[in-house]
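Data first, discussion second: the structure below is written as structure tokens.
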Amino acid sequence: MNRLSERTALSLPARQIQKVIPAAGGRSLKSFEGMTATWSARGGASSDERSRDKRSQIPSNRREGRSATHPLGNTVLTFPVSNESKKTAKSRRSERYELRDGLAEISTIESVRKCGRVPVAPLVSLRAKSDGKGAGYGGLHTCGSVWACPVCSAKIAARRKTDLQQVVDHAVKHGMTVSMLTLTQRHHKGQGLKHLWDALSTAWNRVTSGRRWIEFKEQFGLVGYVRANEITHGKHGWHVHSHVLIISEKDPLTSTFVYQRKQGRRRLPYPPEIYMSSDFIAERWEAGLAKHGVDFLRDSGGLDWTVAKDARAIGNYVSKMQTSTDAISSEVTLGGFKKARNGNRTPFQILADILSLGDVDDLKLWKEYEKASFGRRALTWSKGLRDWANLGVEQSDEEIASEEIGDEAIALFTHDAWRQVRRFGAAELLDVTESGGRAAAYRWLDFREIDWSLPPKIE
Numbered sequence: 001m002n003r004l005s006e007r008t009a010l011s012l013p014a015r016q017i018q019k020v021i022p023a024a025g026g027r028s029l030k031s032f033e034g035m036t037a038t039w040s041a042r043g044g045a046s047s048d049e050r051s052r053d054k055r056s057q058i059p060s061n062r063r064e065g066r067s068a069t070h071p072l073g074n075t076v077l078t079f080p081v082s083n084e085s086k087k088t089a090k091s092r093r094s095e096r097y098e099l100r101d102g103l104a105e106i107s108t109i110e111s112v113r114k115c116g117r118v119p120v121a122p123l124v125s126l127r128a129k130s131d132g133k134g135a136g137y138g139g140l141h142t143c144g145s146v147w148a149c150p151v152c153s154a155k156i157a158a159r160r161k162t163d164l165q166q167v168v169d170h171a172v173k174h175g176m177t178v179s180m181l182t183l184t185q186r187h188h189k190g191q192g193l194k195h196l197w198d199a200l201s202t203a204w205n206r207v208t209s210g211r212r213w214i215e216f217k218e219q220f221g222l223v224g225y226v227r228a229n230e231i232t233h234g235k236h237g238w239h240v241h242s243h244v245l246i247i248s249e250k251d252p253l254t255s256t257f258v259y260q261r262k263q264g265r266r267r268l269p270y271p272p273e274i275y276m277s278s279d280f281i282a283e284r285w286e287a288g289l290a291k292h293g294v295d296f297l298r299d300s301g302g303l304d305w306t307v308a309k310d311a312r313a314i315g316n317y318v319s320k321m322q323t324s325t326d327a328i329s330s331e332v333t334l335g336g337f338k339k340a341r342n343g344n345r346t347p348f349q350i351l352a353d354i355l356s357l358g359d360v361d362d363l364k365l366w367k368e369y370e371k372a373s374f375g376r377r378a379l380t381w382s383k384g385l386r387d388w389a390n391l392g393v394e395q396s397d398e399e400i401a402s403e404e405i406g407d408e409a410i411a412l413f414t415h416d417a418w419r420q421v422r423r424f425g426a427a428e429l430l431d432v433t434e435s436g437g438r439a440a441a442y443r444w445l446d447f448r449e450i451d452w453s454l455p456p457k458i459e
């Protein structure tokens with residue numbers, strides 16, 4: 001049936017009072033009797049009219065368009081500074097928790113539905129850092145999905161940011177060139193996300209394979225790269241593109257690549273092929289896309305390669321890579337939403353619209369996104385780069401997500417008590433704990449008559 005189920009609609013948080021529930025066919029609406037929420041009804045509007053109406057209800061800070069003066073790949077994104085107000089950080093965490101609560105009913109991934117809700121230990125713990133700068137929960141299931149879970153994604157992204165920053169710091173220290181390569185593809189409405197994503201992966205494999213790539217790396221002095229994909233959706237359908245952070249000895253904007261055909265070690269009697277570095281990448285990228293029937297327009301943003309000339313530019317590169325890992329494509333890193341451009345929405349913006357508007361078409365998009373992203377890596381490191389930057393073995397997303405925040409447990413809950421905490425606001429309790437310490441947390445629990453106990457003392 002082409003509509004949200006009554007069970008799903010009823011399960012959405014009570015504060016989301018304005019719901020749009022399309023009836024079969026998506027052309028009209030009906031009200032559900034006995035529901036506490038207020039339902040709006042629209043007549044048989046066209047899909048374009050519904051889209052415009054839906055976007056008009058999105059806060060202006062989430063509808064800002066992409067500036068026409070900035071080609072693809074040149075967006076300047078920055079991480080929240082260290083003196084960011086606690087109020088803003090808490091608000092962003094609350095947003096992520098609300099989105100995750102909504103996923104419990106609509107996600108197609110069982111692990112995501114359980115994340116942060118289902119206990120995996122006899123008791124759930126409230127944990128806090130001794131310096132008061134962080135709080136979290138222990139004993140709960142974590143999904144570790146960097147693509148589909150807004151809470152796990154933020155935690156994973158914060159760790160990846162540290163790794164990326166160490167790479168570029170190491171590169172600058174050793175006099176290497178730091179550059180950002182952005183590669184995209186032409187797309188149109190109706191193309192499936194999986195098809196476009198597969199085309200992107202095939203194209204990059206084409207770029208980085210074979211004898212020509214080996215010789216290119218040697219001549220270019222390539223130390224390594226880190227690749228991240230970014231996903232948005234707009235009036236032309238799904239848009240998938242790659243950001244590649246590159247560390248090299250030579251400048252990609254001025255260096256050339258000379259390829260001499262060989263048979264074994266013997267040179268063949270053909271003139272050498274001479275490429276600019278960007279031309280070499282573009283040719284192989286285009287050939288890889290063609291295997292999936294996809295092409296790209298290089299001069300219209302299909303390939304953009306820039307070199308960092310100062311510390312600020314390098315910081316922007318790290319930010320761009322980092323926001324691409326957040327599922328994607330949303331600036332859930334340390335909280336908040338990345339603003340997509342040209343009217344496009346990030347996956348988490350689509351999720352937010354599902355929970356606030358109940359649009360069935362958005363629900364279909366989200367389910368397609370979950371299916372297409374499942375099992376894919378958010379960051380791909382070239383062989384040897386982590387060792388070169390003294391990073392060591394990379395932790396998996398699941399390992400990072402399952403790490404418990406806080407130095408010690410300050411309160412324990414039975415499973416029934418934990419359900420009460422969730423009902424009153426798990427994110428709110430974390431805010432209270434960080435602001436007022438354990439005493440404030442205990443007052444919050446007692447005021448709501450939630451049973452809790454102190455952890456046993458370790459002798």
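Residue numbers (UniProt numbering): 1 to 459. Even for Gly, the Cβ is constructed at its ideal location relative to N, Cα and C.
Range covered by the beta strand (DSSP E) that runs through residue i
i	result
residue 257	256-259
Identified DSSP bridge partners for residue i
i	result
residue 305	181
residue 229	242
residue 247	178 and 224
residue 138	125
residue 237	234
Residue i, DSSP secondary structure in three states
i	result
residue 216	helix
residue 276	strand
residue 67	Interpretation of residue 67 is limited by its pLDDT of 30, a score under 50 that renders its predicted location unreliable; the figure taken from the coordinates is listed afterwards. It is coil, neither helix nor strand.
residue 119	strand
residue 343	coil
residue 285	helix
residue 186	coil
residue 356	helix
residue 144	coil
residue 132	coil
residue 293	coil
residue 361	helix
residue 351	helix
Bounding residues of the alpha helix (DSSP H) (the contiguous stretch that carries residue i)
i	result
residue 164	150-173
residue 102	86-106
residue 195	193-207
residue 112	110-114
Fill in: Whole runs of the alpha helix (DSSP H) within the segment 417-457, excluding any shorter than 4 residues
426-447
Discussion item. Any contact between the segment 121-140 and the segment 426-436? By contact I mean 3 or more CB pairs, one from each, below 8 Å.
Written reply: yes
Worksheet item: Within the chosen definition, does the segment 387-401 reach the segment 90-110 through at least 3 CB pairs nearer than 8 Å?
Response: no
Worksheet entry | Within the segment 363-421, ranges of the alpha helix (DSSP H) (whole runs, at least 4 residues) | 385-388 and 397-402
Worksheet item: Counting Cβ pairs closer than 8 Å, one from the segment 192-204 and one from the segment 138-153, do we hit at least three?
Response: no
Discussion item. Would the segment 151-165 count as touching the segment 246-253 if we require 3 or more Cβ pairs under 8 Å?
Written reply: no
Discussion item. Quick check: the segment 418-428 against the segment 185-198, are at least 3 beta-carbon pairs closer than 8 Å?
Written reply: no
Worksheet item: With a cut-off of 8 Å, do at least 3 Cβ pairs link the segment 280-297 to the segment 178-197?
Response: yes
Worksheet item: Hey, is the segment 205-225 in contact with the segment 348-362, meaning 3+ C-beta pairs nearer than 8 Å?
Response: no
Worksheet item: Given 8 Å as the limit, is there contact between the segment 300-309 and the segment 172-182, that is, 3 or more CB pairs closer than that?
Response: yes
Worksheet item: Are at least three pairs of beta-carbons, each pair with one atom in the segment 87-94 and one in the segment 106-126, less than 8 Å apart?
Response: no
Worksheet item: Using 8 Å as the threshold, is the segment 250-257 in touch with the segment 362-380, meaning 3 or more CB pairs across them?
Response: no
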